[in-house]
Amino acid sequence: MLKTTSLKYKYPKGEFFDFPDIICNEREQLLVLGSSGVGKSTLLHLLGGLLTTKHGSIELGGQNMMKLNNKTLDQFRGDNIGIIFQKNHFISSLSVIDNLLMSQYFSGGKEDEAKCKSLLTRLNIEDKAYKSINTLSEGQKQRVAIARAVANNPKLILADEPTSALDDENCKEVIALLEEQAEMAGAALVIVTHDARLKDIIPNQITLSHQQALAK
Amino acid sequence: MKLLKLAWKNIIHNPLNLLLSIILFGLGIGLINFLILFNTQLKNKFDSNLAGIDLVIGAKGSPLQMILSSMYHVDAPTGNVKVSEVKAFLNPRHPLIKAAVPLSLGDNYKSYRIVGTTDSLMSFYNATLQQGKFYNRDLEVVIGRAVADDTGLKLGDKFKSSHGFNDDEDLAHDHAAFVVTGILNGIGSVIDQLILTNPSTVWNVHDHSDESPMIMDEEEKEDHSDHDHDGDGKSDHTAEEHNHSHDDHDHDGDGKPDHTPEEHDHSHDDHDHDGDGHPDHAPEDHAGHDHAAHNHGPLARTNAELLNYPDKEITTLLIKFRNRTNFQALSMPRSINENTDMQAASPAIEINRLYSMIGSGRQMLQWLAALIGIISAISIFIVLLKSMRERKYELALIRVMGGSRSSLYSLITIEGMIMTAIGFFVGFILSHIGMEILAGLLKSSYKYSFTGWYFMKKEWILLGISLVIGVIASLIPAISAARMDIHETLNER
Chain A
90 MLKTTSLKYK YPKGEFFDFP DIICNEREQL LVLGSSGVGK STLLHLLGGL LTTKHGSIEL
150 GGQNMMKLNN KTLDQFRGDN IGIIFQKNHF ISSLSVIDNL LMSQYFSGGK EDEAKCKSLL
210 TRLNIEDKAY KSINTLSEGQ KQRVAIARAV ANNPKLILAD EPTSALDDEN CKEVIALLEE
270 QAEMAGAALV IVTHDARLKD IIPNQITLSH QQALAK
Chain B
5 MKLLKLAWKN IIHNPLNLLL SIILFGLGIG LINFLILFNT QLKNKFDSNL AGIDLVIGAK
65 GSPLQMILSS MYHVDAPTGN VKVSEVKAFL NPRHPLIKAA VPLSLGDNYK SYRIVGTTDS
125 LMSFYNATLQ QGKFYNRDLE VVIGRAVADD TGLKLGDKFK SSHGFNDDED LAHDHAAFVV
185 TGILNGIGSV IDQLILTNPS TVWNVHDHSD ESPMIMDEEE KEDHSDHDHD GDGKSDHTAE
245 EHNHSHDDHD HDGDGKPDHT PEEHDHSHDD HDHDGDGHPD HAPEDHAGHD HAAHNHGPLA
305 RTNAELLNYP DKEITTLLIK FRNRTNFQAL SMPRSINENT DMQAASPAIE INRLYSMIGS
365 GRQMLQWLAA LIGIISAISI FIVLLKSMRE RKYELALIRV MGGSRSSLYS LITIEGMIMT
425 AIGFFVGFIL SHIGMEILAG LLKSSYKYSF TGWYFMKKEW ILLGISLVIG VIASLIPAIS
485 AARMDIHETL NER
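Chains as they are written, first to last, in the numbering used here: chain A, 90 to 305; chain B, 5 to 497.
Right under this line is the structure:
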């Protein structure tokens, strides 16, 4: 489902990354490991279509994202990719359920309140549906972020450092949750992290090393 | 439209910012609209009360004051002129003058001015009677719509006037009361706030101001054998003149027959008093007419009758020319000013002068209003810019969810337009309330009816301008949001 080929990225300031080829199919999980500065967030943003490059290709469901123009890429991302960031951001003026509905609206899909509600139920936060985001705990916020990521039935779910701030117990819970939701959505799950604990949980792994960050 | 809902929620999520913006913007728009409401009504009143009058002749003094007192009925007149001085202009066959209307000012009822004039004044202003009939005898009056509404006077009601132009108990005239015979339709010009009566009423009120009605009745009973018909103490004609037969049909004693024998031998059953073949009134009107208004003083209702009293005074004469471009008509004012003790002034010229004098004041207010508008637009710009910077991650999130750059541009722009639209409505309400308050003050001072319930199509244009200002104020923040690099923004920790 997700396949990258000869993916490279060059920053204007000169930093250059040469990424290994990646393959991850639906209902599979991939762990991308590496320490800071090694290009993890660059890779994540490329995979999520938040960054584009002329070097190499990223195919999702057969479509090479790098060939899409800006507006189409935005739309494609909304339809097919769900992203969970390390720091969870929401639209603070909207309620929990409105945040989910917004993600449906911006991806050009139909707004389905019933579906959003059932999603919240699945994640055990349906009682917070009409509340403001500020009333949630960090854990609840993360679950809303996950709900938002899967709201559009994406083909790919990307998670950026989802467990770095959590203790061991919660770390396991969150990963289990992610896997479960990805499975239910029928999506590929790619987790980018420096958290070594995950090495024991997710078998399919790639490690980015400094050798790849070569100035050319 | 979901974007609209999001924009709205974003705005009310930060109520203090919103309040600041709409108060400032509302004040600016409110002031601008208030000035427009006031100026438009003011100009309408100036223009509609010009009424096609070409010249005003009156006592020497400030020409503007004469125009203001005689046509706009504010301020005091410059003095009076004798009928004999304006004799020539009262002639209906004057080669240059189409119509001349005399005005006598001097009294008021509850600050509404009583004006002695002929029925031509009504045609100058295109006024029509709503109820009742035009005045005929002295002390009968016709009142304008605003007078009726404000004082509650109805047909048949009686009242007493007071001297001058302000309602003052100490100056109340103690004489037989005025009676309302007619009420005019409201036409939106100065005549709405006037009380009209005969020119001679004004004379009689001032001549008899010390006498009580009792004395009047005794005069009625007095024996007329002294041939003193107009009650001034002098015989009007000799005894022999009285005993002439009327076979020679010489009624005014000047030696010439006034009419043929046939014309004389009509009965009065047809109630045709002036001999022109038309009944002057219905038979019923003869019976039981009220003698309370009976007077022995001079009676003048028309220009012709005025000429009978050359020593009496009027305040001004309003004139319409037959041909405005006639050279002689144009030079008439100058010859009056230079060769007589009177002055003549052109209303249009004086009012334009007045307008240009207050013009600089008006302009300053307009600049002030525009300045406030600009400052408030800047405040909206700053609010939007600040909020955009604080919401960077949220905006990036919208892009992540699939929103395009143009959707971010639209979002910020809609937020700006909502703020200016709300500001407009706040200003709209403030301006009409302000106008209504000013209208109350103007009514009590000048009797003119302004109103806050005056709506113009122009106000929609002002709404349009407000929305455009919203777009302009949000331009920079919106473009900045659209051009945001998601990658960089999300990387900032």
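Even glycine gets a Cβ: it sits at the ideal position worked out from N, Cα and C.
Taking the Cβ atom as the reference point for each residue, do residue i and residue j lie within a distance shorter than 7 Å?
i                            : j                            : result
leucine 149 of chain A       : asparagine 169 of chain A    : yes
leucine 94 of chain B        : asparagine 307 of chain B    : yes
asparagine 202 of chain B    : aspartate 142 of chain B     : yes
aspartate 196 of chain B     : glycine 148 of chain B       : yes
leucine 107 of chain B       : valine 90 of chain B         : no
leucine 122 of chain A       : threonine 252 of chain A     : no
valine 239 of chain A        : alanine 274 of chain A       : yes
isoleucine 61 of chain B     : leucine 446 of chain B       : no
serine 25 of chain B         : valine 475 of chain B        : no
glycine 456 of chain B       : glutamine 164 of chain A     : no
asparagine 188 of chain A    : phenylalanine 195 of chain A : no
isoleucine 187 of chain B    : glutamine 134 of chain B     : yes
tyrosine 397 of chain B      : alanine 486 of chain B       : no
leucine 209 of chain A       : glutamate 200 of chain A     : no
serine 435 of chain B        : glycine 160 of chain B       : no
leucine 183 of chain A       : lysine 6 of chain B          : no
phenylalanine 182 of chain B : valine 145 of chain B        : yes
isoleucine 280 of chain A    : alanine 248 of chain A       : yes
lysine 97 of chain A         : aspartate 107 of chain A     : yes
Among residues of its own chain, excluding the 5 on either side of residue i, which ones have a beta-carbon nearer than 8 Å to its beta-carbon?
i                        : result
serine 181 of chain A    : Ser221, Ile222, Asn223
alanine 80 of chain B    : Gln69, Ser73, Phe169
aspartate 577 of chain B : This structure cannot settle anything about residue 577 of chain B, because the visible part of chain B is limited to 5 through 497.
isoleucine 71 of chain B : Val60, Ala349, Pro351, Glu354, Ile355
Just to confirm my understanding: we take residue i, look at its own chain, exclude 5 residues before and 5 after, and list those with CB closer than 6 Å. What are they?
i                            : result
leucine 140 of chain A       : His134
isoleucine 191 of chain B    : Ala131
methionine 218 of chain B    : With a pLDDT of 37 at methionine 218 of chain B, under the threshold of 50, the modelled position of this residue cannot be trusted, and the question is left open.
phenylalanine 169 of chain B : Asn112
glycine 138 of chain A       : Met154, Leu162, Arg166
glycine 32 of chain B        : Ile376, Gly377, Ser380
serine 124 of chain B        : Ala103, Val105
Within the same chain, show all residues whose beta-carbon is closer than 7 Å to that of residue i, passing over the 5 residues directly before and after it, in chain order.
i                        : result
asparagine 53 of chain B : Met75, Tyr76, Ser193, Val194
histidine 17 of chain B  : none
Say whether chain A places a C-beta atom closer than 7 Å to the C-beta of residue i.
i                         : result
arginine 17 of chain B    : Note on identity: in this sequence residue 17 of chain B is histidine, with arginine being the wrong assignment. Yes, histidine 17 of chain B lies at the interface with chain A (some Cβ there is under 7 Å from its Cβ).
asparagine 14 of chain B  : yes
leucine 412 of chain B    : no
lysine 114 of chain B     : no
methionine 405 of chain B : yes
leucine 401 of chain B    : yes
asparagine 495 of chain B : yes
lysine 390 of chain B     : no
histidine 436 of chain B  : no
tyrosine 397 of chain B   : yes
isoleucine 476 of chain B : no
Does any CB atom of chain B fall closer than 7 Å to the CB of residue i?
i                            : result
glutamine 164 of chain A     : yes
serine 192 of chain A        : yes
glutamine 294 of chain A     : no
histidine 134 of chain A     : yes
glycine 171 of chain A       : no
phenylalanine 105 of chain A : no
phenylalanine 108 of chain A : no
threonine 161 of chain A     : no
serine 125 of chain A        : no
glycine 167 of chain A       : yes
isoleucine 290 of chain A    : no
Going by the C-beta, is residue i closer than 6 Å to any heavy atom of the ligand HEM?
i                      : result
leucine 445 of chain B : Among the components modelled here there is no ligand, and therefore nothing to report on the ligand HEM.
At 4 residues or longer, what runs of the alpha helix (DSSP H) sit wholly inside the segment 297-339 of chain B?
Counting whole runs of 4 or more residues, the segment 297-339 of chain B contains the alpha helix (DSSP H) stretches 307-310.
When the Cβ atoms of the segment 161-175 of chain B are set against those of the segment 18-27 of chain B, are three or more pairs found closer than 8 Å?
At 8 Å Cβ cutoff, the stretches do not touch.
Beta strand (DSSP E) runs wholly inside the segment 334-378 of chain B, at least 3 long, in chain order:
Those beta strand (DSSP E) runs which fall completely within the segment 334-378 of chain B and span 3+ residues are 346-349.
Quick check for students: name the residue ranges of the alpha helix (DSSP H) that lie wholly in the segment 98-127 of chain B, counting only runs of 4 or more.
If only complete runs of 4 or more residues are kept, the segment 98-127 of chain B shows no alpha helix (DSSP H) anywhere.
Curious, which full-length beta strand (DSSP E) runs of at least 3 residues does the segment 92-163 of chain A contain?
Segments of the beta strand (DSSP E) lying fully in the segment 92-163 of chain A: 97-99, 105-107, 118-122, 146-149.
Say whether the segment 407-420 of chain B touches the segment 475-494 of chain B, bearing in mind that this needs 3 or more beta-carbon pairs closer than 8 Å, one atom from each stretch.
As far as the Cβ criterion goes, the segment 407-420 of chain B touches the segment 475-494 of chain B, which means the pair count is three or higher.
Alpha helix (DSSP H) runs wholly inside the segment 128-182 of chain B, at least 4 long, in chain order
Here the runs fully enclosed are 149-155.
Kindly provide the ranges of any alpha helix (DSSP H) runs that are 4 or more residues long and lie completely inside the segment 195-237 of chain A, ordered along the chain.
For the segment 195-237 of chain A, the continuous alpha helix (DSSP H) assignments of 4+ residues that do not extend past its boundaries occur at 202-211, in sequence order.
Are at least three pairs of beta-carbons, each pair with one atom in the segment 257-264 of chain A and one in the segment 91-100 of chain A, less than 8 Å apart?
Contact fails: fewer than three Cβ-Cβ distances are below 8 Å.
Within the segment 55-90 of chain B, note down every full beta strand (DSSP E) run reaching 3 residues or more, in order along the chain.
You should have 59-63.
May I have a chain-ordered list of the beta strand (DSSP E) segments no shorter than 3 residues that lie completely inside the segment 250-304 of chain A?
Considered as a whole, the segment 250-304 of chain A harbours 277-282, 294-296 as its complete beta strand (DSSP E) runs of no fewer than 3 residues, in chain order.
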